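Remarks on the structure that follows.
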Amino acid sequence: MRPTRVLALLPALALAGPAGAAVLPEDRADVLYHRYDGGGVTIDGPSLLVRKKFAEKYSVSANYYVDMVSSASIDVVTTASPYTETRTQASLAVDMLNGKTQYSASYTNSDESDYTANSASFDVSQDLFGDLTTVSFGFSQGWDEVRRNGDDSFAEDVDRRSYRLGVSQIATPTLMLGFGFETITDEGFLNNPYRSVRYLDPDSPAGFAFQPEVYPSTRTSNAAALSARYFLPYRASVHGEYRFFTDTWGIDAHTLTAGYTHPIGKQWILETGVRWYDQSAADFYSDLFPRADAQNFLARDKELATFTSLMLSLGATYELPRSGLKFLERSTINLFYDRIRFEYDDFRDIREGGVPGTEPLYSFDADVIRLFFSGWF
Amino acid sequence: MKRTVLLIVVVAGLTGCGNVEPWVKPYERQNFADPIMAPDRDPVATSYLNHVFEAREGARGALGSHGGGCGCN
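The listed protein sequences correspond, in order, to chains A and B. Residue numbers 99 to 475, in the numbering used here, belong to the letters of the first sequence in order. Residue numbers 10 to 82, in the numbering used here, belong to the letters of the second sequence in order.
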């Protein structure tokens, strides 16, 4: 079971994103293999994207994405049994260009054995001030159904909404600035129907016992991001971003990202980057509650804990020589590798044993690989 | 009266907006056509990484481009 948060609400911009209005995205196809390996969890699979323009005014894109999950995470091995399963996601998006305005609409379906998510998105972007400024706004509505494997009587709904605003600004001939703001609201069954919280229990041999977690039925979050991308004098670029996040569950988070992109000749683009992320815990999170039913809401999801993560990234893009395939204008092969270190401040590794509440704090490393072919036609 | 003044200010502002002289001329923007300046050069790859973040972190939103689904535990 995965849905700590299911995010199928938000795929619109992955396909339709009006990052730069007044020009429709290029016709291209991508075939990507992704792999995440960390904390006892391995997730891999393909993602396929095809995008094609029609009548110089419309662009249609379709994405098919698969997660093949094999999980023996710390949550699973301490309170349940390792599992494998597959999630598939399909999206369809349409962009329409009308003068300096671009309209984008998309629909996404995500399905797995115990969770179904559907979402619709609509975005508009407009170029202003001699095309130096692009303003965009969008809305998404999501409808999820949460189920529980082995319990046919269990089915709960979640409604999700996202409201977003973006501005990108050409500030100088070498500097692009960006601002984004997004509010997301959720209502319904927001916790994981399998996950448990831990509480002190003197009658248990281990000194603690488990009970199902209980979350509030609503959540509203706000996130704001500022970004900059600068073209260096010797044809390379640097970029940076800061994002602040806060929500009604008491989580505040800061994200800092920086990167450097360096082309070599006409065929290679190399890049490297670092990303630092830090969050406070939800108000109702605890690694160890003092007793059963200690409060109205109970969580021991490590994604709601206090933690810091640091990611280091390397990437290479190679432009392939022209092939015999006449319909391909150009094509690239790309490999990106990211290593992420997660360190938790109040989530303990109870596999280590010891007096409850004094076990070592949990941490783990994850390796993320993206290998893909892109072709423009 | 206040409303009239506000209306005049807003109309004047909007009219003025239409006449903003672009301080970066079109012929000075070739750097932004270079792929290394694209905010999201490979949407499928970016979308996947954002999905990884949103599945592992409490924060969400304002990522510029978005991922879908989960695979969290």
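Glycine included, each C-beta is placed from N, C-alpha and C at the ideal position. Nothing here was measured: the structure is a model prediction, and the numbers come from that model.
With DSSP as the reference, label residue i as helix, strand or coil.
i, result
"Tyr-332 of chain A", "coil"
"Ala-379 of chain A", "coil"
"Ile-45 of chain B", "helix"
"Leu-263 of chain A", "strand"
"Arg-449 of chain A", "helix"
"Ala-464 of chain A", "strand"
"Leu-386 of chain A", "coil"
"Leu-398 of chain A", "According to the sequence displayed, residue 398 of chain A carries Arg and not Leu. Three-state DSSP puts Arg-398 of chain A in coil, outside helix and strand."
"Thr-456 of chain A", "coil"
"Phe-470 of chain A", "strand"
"Asp-125 of chain A", "coil"
"Arg-258 of chain A", "strand"
"Phe-62 of chain B", "helix"
"Pro-361 of chain A", "strand"
"Pro-52 of chain B", "helix"
"Asp-391 of chain A", "coil"
"Thr-176 of chain A", "helix"
Name the DSSP beta bridge partners of residue i, please?
i, result
"Ile-268 of chain A", "A:Met-274"
"Ser-159 of chain A", "A:Arg-149, A:Ala-191"
"Tyr-416 of chain A", "A:Trp-366, A:Ile-431"
"Tyr-36 of chain B", "BP columns for Tyr-36 of chain B are empty, so no partner."
"Gly-348 of chain A", "Note: Gly-348 of chain A sits in no beta bridge, so no partner."
"Tyr-340 of chain A", "A:Leu-324, A:Leu-354"
"Ser-131 of chain A", "For the sequence presented, residue 131 of chain A should be read as Tyr rather than Ser. Looking at the DSSP assignment, Tyr-131 of chain A forms a beta bridge with A:Pro-144, A:Leu-469."
By the 10 Å Cβ neighbour count, where 16 or more other Cβ atoms means buried, how is residue i classified, buried or exposed?
i, result
"Lys-155 of chain A", "exposed"
"Leu-58 of chain B", "buried"
"Pro-458 of chain A", "exposed"
"Cys-81 of chain B", "The pLDDT assigned to Cys-81 of chain B is 31, lower than 50, so where the model puts this residue is not dependable; a value taken from the coordinates is nonetheless given after this. Buried: at least 16 other Cβ atoms inside 10 Å."
"Lys-400 of chain A", "buried"
"Ala-119 of chain A", "Bear in mind that the predicted position of Ala-119 of chain A carries a pLDDT of just 49, short of 50, making it too unreliable to give a figure here."
"Val-61 of chain B", "buried"
"Ala-323 of chain A", "buried"
Among residues of its own chain, excluding the 5 on either side of residue i, which ones have a beta-carbon nearer than 6 Å to its beta-carbon?
i, result
"Arg-69 of chain B", "Glu-63"
"Asp-376 of chain A", "His-352, Thr-406"
"Ser-319 of chain A", "Ile-282, Asp-345"
"Gly-473 of chain A", "Ala-127, Leu-426, Ser-429"
"Gln-187 of chain A", "Tyr-163, Ser-208"
"Val-167 of chain A", "Ile-141, Glu-183"
"Leu-408 of chain A", "Trp-374, Arg-439"
Please work out which residues of its chain come closer than 8 Å, Cβ to Cβ, to residue i, disregarding the five sequence neighbours upstream and downstream, and give them in chain order.
i, result
"Thr-231 of chain A", "Asp-225, Val-265, Ser-266, Gln-267, Ile-268"
"Ser-305 of chain A", "Looking at the sequence itself, residue 305 of chain A is Gly, so the reference to Ser does not match. These residues qualify, in order along the chain: Leu-298, Asp-299, Val-453, Pro-454."
"Val-174 of chain A", "Gly-138, Pro-180, Tyr-181"
Quick one: does the C-beta of residue i sit closer than 6 Å to a heavy atom of the ligand ATP?
i, result
"Asp-255 of chain A", "Absent from the structure shown: the ligand ATP. Ligands present: none."
Please list, in chain order, the chain D residues whose beta carbon lies closer than 8 Å to that of residue i.
i, result
"Ala-42 of chain B", "As a matter of chain content, chain D is missing from the structure shown, whose protein chains are A and B."
Using C-beta distances below 7 Å, list every residue in its chain close to residue i, excluding the 5 sequence neighbours before and after it, in chain order.
i, result
"Ala-392 of chain A", "Tyr-297"
"Leu-190 of chain A", "Ala-160, Ser-204, Tyr-205"
query = For the stretch 284 to 329 of chain A, which segments carrying the beta strand (DSSP E) assignment without a break, of at least 3 residues, lie completely within its bounds, in sequence order?
reply = 294 to 298, 306 to 310
3 or more residues per run - each beta strand (DSSP E) lying fully within the stretch 183 to 250 of chain A = The DSSP assignment places 199 to 210, 213 to 226, 231 to 246 as complete runs of the beta strand (DSSP E) inside the stretch 183 to 250 of chain A, in order along the chain (cut-off: 3 residues).
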